[in-house]
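With positions in the sequence shown counted from 1, the corresponding number in my numbering is that position plus 506. We put the beta carbon where it would ideally sit given N, CA and C, even for glycine. Below: one structure, written as structure tokens.
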Amino acid sequence: MKPNYYVAHPWHGIELGPKAPEELDVFIEMTPQDTVKYEIDKASGFIRVDRPQKYSNRSPTLYGFIPRTYSGESSAKHCEEKTGKQGIKGDGDPIDICVLNATPITHGNTIVTVIPIGGLRMIDKGEADDKIIAVLKGDEVFGTFRDIKDAPEPLINKLTHYFLTYKLDPNSPSSGTVEIAEVYDKAEALSVIQFGIEDYIRKFVTV
């Protein structure tokens, strides 16, 4: 076997897997243990410290993104159709994902295999910024969930509260311009992922 002397870019180099979008390999940037917000550096593929967590909010779940997806024209149009809002744009990032798991995973920069079960239709300053919710494949506690209705309501409420407040700054009243228009089911999550795949192909693959 020929050795691999380089590390693939997490956004562009990781395969989604043969069963996508029903089952995906995704890249984890942050864990609930992290006290700063990590984010992929789009140019290099390395993990960058985006900002310290100034206040008490921490991600309730593993948090990362779906490789080879992009929130662009199709994603924005779909969000407009579902919400009735106009002028929405894609946020220009890969589609974000929250992964429910019971077995502690204590560091990011990790690839995990997940099964999407739903999502949050989030709009951040007029941009579509969906948060897909998935379970870690094979997880003893959450691995049997197949749809968002299987997840405990308090856990979904906790995720919703996190994203509504994670950018809030008491010194900047305009910092919390985030809206969650809907909590949606697995079928809609798969549609959102598919639109993200189409946007990625249009942005990075189609000549």
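Below 8 Å CB to CB, which residues in the same chain sit around residue i once its five sequence neighbours on both sides are set aside?
i          : result
lysine 637 : Asp602, Ile603, Cys604, Gly625, Leu626, Met628, Leu665 and Phe669
serine 697 : His584
With distances taken Cα to Cα, identify the nearest neighbour of residue i among the options.
i              : options                           : result
lysine 709     : Pro538, Ser581, Tyr544 and Pro524 : Ser581
threonine 609  : Pro660, Lys525, Phe648 and Ile553 : Phe648
glutamate 655  : Asp645, His667, Ile639 and Glu646 : First, the amino acid is wrong: residue 655 is lysine here, not glutamate. Here the closest residue by C-alpha is Ile639.
alanine 514    : Lys525, Phe552 and Ile534         : Phe552
asparagine 607 : Thr537, Leu661, Gly632 and Asp645 : Asp645
isoleucine 800 : Asp635, Asn677 and Leu674         : Since the first residue shown for the chain is 507 and the last is 713, residue 800 is missing from the structure and cannot be characterised.
tyrosine 512   : Ser550, Val684 and Ala657         : Ser550
asparagine 663 : Lys591, Gly523 and Thr567         : Thr567
lysine 591     : Asn563, Pro516, Asp630 and Tyr569 : Asp630
Measuring straight from C-alpha to C-alpha, what distance separates residue i and residue j?
i                 : j              : result
glutamate 448     : glycine 702    : The structure shown has nothing for residue 448, since the chain only spans 507 to 713.
tyrosine 576      : aspartate 599  : 5 Å
proline 573       : isoleucine 617 : 10 Å
glycine 519       : valine 532     : 11 Å
glycine 614       : proline 538    : 10 Å
tyrosine 706      : serine 565     : 26 Å
glutamate 587     : proline 660    : 28 Å
phenylalanine 571 : valine 689     : 18 Å
proline 658       : aspartate 597  : 29 Å
Which class does residue i belong to by DSSP, given the choice of helix, strand or coil?
i              : result
valine 647     : coil
proline 660    : helix
lysine 595     : strand
glycine 625    : strand
tyrosine 544   : strand
alanine 695    : helix
valine 513     : coil
isoleucine 611 : coil
isoleucine 654 : helix
threonine 712  : coil
threonine 575  : coil
isoleucine 553 : strand
Please list the terminal residues of the continuous beta strand (DSSP E) segment that includes residue i.
i              : result
glutamate 690  : First, the residue type needs correcting, since residue 690 is tyrosine and not glutamate in the sequence shown. Taken as a continuous stretch (DSSP letters only), the beta strand (DSSP E) holding tyrosine 690 covers 684-690.
leucine 642    : 637-642
valine 532     : 530-536
isoleucine 603 : 602-606
glycine 570    : 568-571
For the alpha helix (DSSP H) that contains residue i, what are its first and last residues?
i           : result
alanine 582 : 579-589
Cutting at 7 Å between CB atoms, please list the residues of its own chain near residue i, excluding the five before and the five after it.
i             : result
lysine 643    : Glu529, Thr619, Val620, Ile621 and Gly649
threonine 712 : none
glutamate 521 : Asp531
glutamine 700 : Pro527
aspartate 545 : For clarity, residue 545 is glutamate in the given sequence; the question names aspartate instead. So the list reads Glu535, Arg554 and Asp556, once near-sequence residues are dropped.
glycine 632   : Gly593, Ile594 and Lys595
For residue i, I'd like the list of residues in its chain whose CB is within less than 6 Å of its CB, leaving aside the five on either flank, ordered along the chain.
i             : result
aspartate 714 : Residue coverage of the chain in this structure runs from 507 to 713, which leaves residue 714 outside it and unanswerable.
aspartate 547 : Arg554
alanine 695   : Pro622, Gly624, Gly625 and Ile638
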